[in-house]
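Worksheet for the structure shown next.
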Amino acid sequence: MSTTLPAVHITPQSALLPVIRSWEIYLQDQGRSPYTIKSFSGDLQLLARYLPPDRSIGAITTDDLNRFLQWLQSGRGVPCSPKSLARRITSIKSFFRWLHKHGVVLVDPAEKVLQHSVLSPLPEVLTPEEEKSALEAAAAYRTASKPDARPYTLLVLLLATGIKKSECLTLTPNHIDLETSSAPVLFVRYPNPQNRYKERKIELPPEWVESYHEYLAQYQPADHIFPWSPRRLEYLLEEIGNKAGLSKHLSFAMCRWTCALNDWKRGMERDAIRQKLGISKIQWREISMKLRQLAGEL
Numbered sequence: 008m009s010t011t012l013p014a015v016h017i018t019p020q021s022a023l024l025p026v027i028r029s030w031e032i033y034l035q036d037q038g039r040s041p042y043t044i045k046s047f048s049g050d051l052q053l054l055a056r057y058l059p060p061d062r063s064i065g066a067i068t069t070d071d072l073n074r075f076l077q078w079l080q081s082g083r084g085v086p087c088s089p090k091s092l093a094r095r096i097t098s099i100k101s102f103f104r105w106l107h108k109h110g111v112v113l114v115d116p117a118e119k120v121l122q123h124s125v126l127s128p129l130p131e132v133l134t135p136e137e138e139k140s141a142l143e144a145a146a147a148y149r150t151a152s153k154p155d156a157r158p159y160t161l162l163v164l165l166l167a168t169g170i171k172k173s174e175c176l177t178l179t180p181n182h183i184d185l186e187t188s189s190a191p192v193l194f195v196r197y198p199n200p201q202n203r204y205k206e207r208k209i210e211l212p213p214e215w216v217e218s219y220h221e222y223l224a225q226y227q228p229a230d231h232i233f234p235w236s237p238r239r240l241e242y243l244l245e246e247i248g249n250k251a252g253l254s255k256h257l258s259f260a261m262c263r264w265t266c267a268l269n270d271w272k273r274g275m276e277r278d279a280i281r282q283k284l285g286i287s288k289i290q291w292r293e294i295s296m297k298l299r300q301l302a303g304e305l
């Protein structure tokens, strides 16, 4: 992976917009997700529209950045949530840290900009009764006039493993090992070495295997276990929730949090939960606090 500036020659006199494009290329080389790159780039383009068009990157000051952030909060006329503000500060700091690291700017103007840490609201989870209703609704599809094992196979997988939507979409048949002596397992793998800490092996409930075999016979997936668009799978979860009579919006995130909370309440070792979710120790600080709140321990 490239750790240097892109081929475009960047100097303190360079205009902001072309440098943002070079930064996008750098982030791509670093294996950052398209969503992160799009968000970071959008934040910097907003800064470029705010500053005078002739302001070069070497002329941008800490005062400029603080005025921009103040404008976002009270002068733009568009609501800026605390979470969006925190991300935009992160974008600015990351961008100028990159320029400073490579000697383009001698002084990092974003270094003294205060970071706003934001705790997002508590997530919604399924109660035990709601989880039971959702599983029963999903299981009913298996015995319908036209049997369909897909809803149950998807829902049980999510509630048992806590995998994210993006991880679910990339699963292939060789990620499932049904031949282990103890219990069937799911392997979550990432092609990018930077995400190696997210890779893990998660036990699957034995009762899931029968549904999975039914699903394979019905759909015969080749490259991916769930070869549908993210929106189609989201609709499928919504359909299960509606059939179960839930007032909540059943989603990938809700299943992930419900899985984590169930493991927490069962007394699973805390670091084992963190590893099962595939998150860093830094991310775990906030998530573990939320799990404590959801479990009624705070």
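To get the numbering used here, take the position in the sequence shown, counting from 1, and add 7. Glycine residues also receive a C-beta, built at the ideal position from the N, C-alpha and C atoms.
Item to check | Neighbourhood of residue 8 by C-beta distance below 7 Å, restricted to the same chain and skipping five residues each side | outcome: Bear in mind that a pLDDT of 45 at residue 8, under 50, signals an unreliable position, so the number given afterwards is only what the model happens to contain. Excluding positions up to five away in sequence, the list reads 36, 37 and 38.
Checklist entry - So, are the CB atoms of residue 151 and residue 247 less than 7 Å apart? => result No.
Next on the checklist: Classify residue 261: buried if its beta carbon has 16 or more other beta carbons within 10 angstroms, exposed otherwise.
Outcome noted: When all chains shown are included, residue 261 counts as buried.
Checklist entry - For residue 289, does the three-state DSSP call read helix, strand or coil? => result Correct three-state label for residue 289: helix.
Checklist entry - What span of residues does the beta strand (DSSP E) with residue 195 cover, start to end? => result Its beta strand (DSSP E) spans residues 192-195.
Checklist entry - In the DSSP assignment, what are the bridge partners of residue 22? => result DSSP lists 63 as the bridge partner or partners of residue 22.
Item to check | Status (buried if at least 16 other CB within 10 Å, exposed otherwise) for residue 88 | outcome: Per the 10 Å Cβ criterion, exposed.
Next on the checklist: Helix, strand or coil, according to DSSP, for residue 208 in the structure here?
Outcome noted: If DSSP states are grouped into helix, strand and coil, residue 208 belongs with the strands.
Checklist entry - Can you tell me the Cα-Cα spacing of residue 137 and residue 301, whole angstroms? => result The straight-line gap from Cα to Cα measures roughly 15 Å.
Checklist entry - For residue 17, does the three-state DSSP call read helix, strand or coil? => result Coil, per DSSP.
Item to check | Every unbroken beta strand (DSSP E) inside the region 90-166 [3 residues or more] | outcome: Runs of the beta strand (DSSP E) inside the region 90-166: none found.
Next on the checklist: Between residue 278 and the ligand PLP, is there a pair consisting of the residue's CB and a ligand heavy atom that are separated by less than 6 Å?
Outcome noted: Here there are no bound small molecules, and the ligand PLP is not part of this structure.
Item to check | Own chain partners of residue 64 with C-beta closer than 6 Å, once the 5 adjacent residues on each side are dropped | outcome: If we look at residue 64 and ignore the five residues flanking it on each side, its Cβ neighbours are 21, 23 and 26.
Item to check | Buried versus exposed, by CB contacts within 10 Å (16 or more), residue 279 | outcome: Counting Cβ neighbours within 10 Å, residue 279 comes out exposed, since fewer than 16 surround it.
Item to check | Backbone CA spacing between residue 46 and residue 55 [nearest angstrom] | outcome: Roughly 14 Å separates the two Cα atoms.
Item to check | Own chain residues within Cβ distance below 8 Å of residue 50, not counting five before or after | outcome: If the five residues before and after residue 50 are omitted, its C-beta is found closer than 8 Å to the C-beta atoms of 94, 95, 98 and 99, all from its own chain and listed in chain order.
Next on the checklist: For the alpha helix (DSSP H) containing residue 218, name the first residue and the last one.
Outcome noted: Residues 213-226.
Item to check | Option nearest residue 208 by Cα separation, candidates 70, 169, 274 and 29 | outcome: Closest option to residue 208, Cα to Cα, is 169.
Item to check | Inside the region 228-261 only - alpha helix (DSSP H) runs reaching at least 4 residues | outcome: Every unbroken stretch of the alpha helix (DSSP H) spanning 4 or more residues and falling wholly within the region 228-261 is given here in chain order: 237-250.
Next on the checklist: Strictly by DSSP, which residues pair up with residue 184?
Outcome noted: Residue 184 pairs with 192.
Checklist entry - Just reading off the alpha helix (DSSP H) that residue 54 is part of, what are its end residues? => result Boundaries of the alpha helix (DSSP H) harbouring residue 54: 41-57, taken from the DSSP string.
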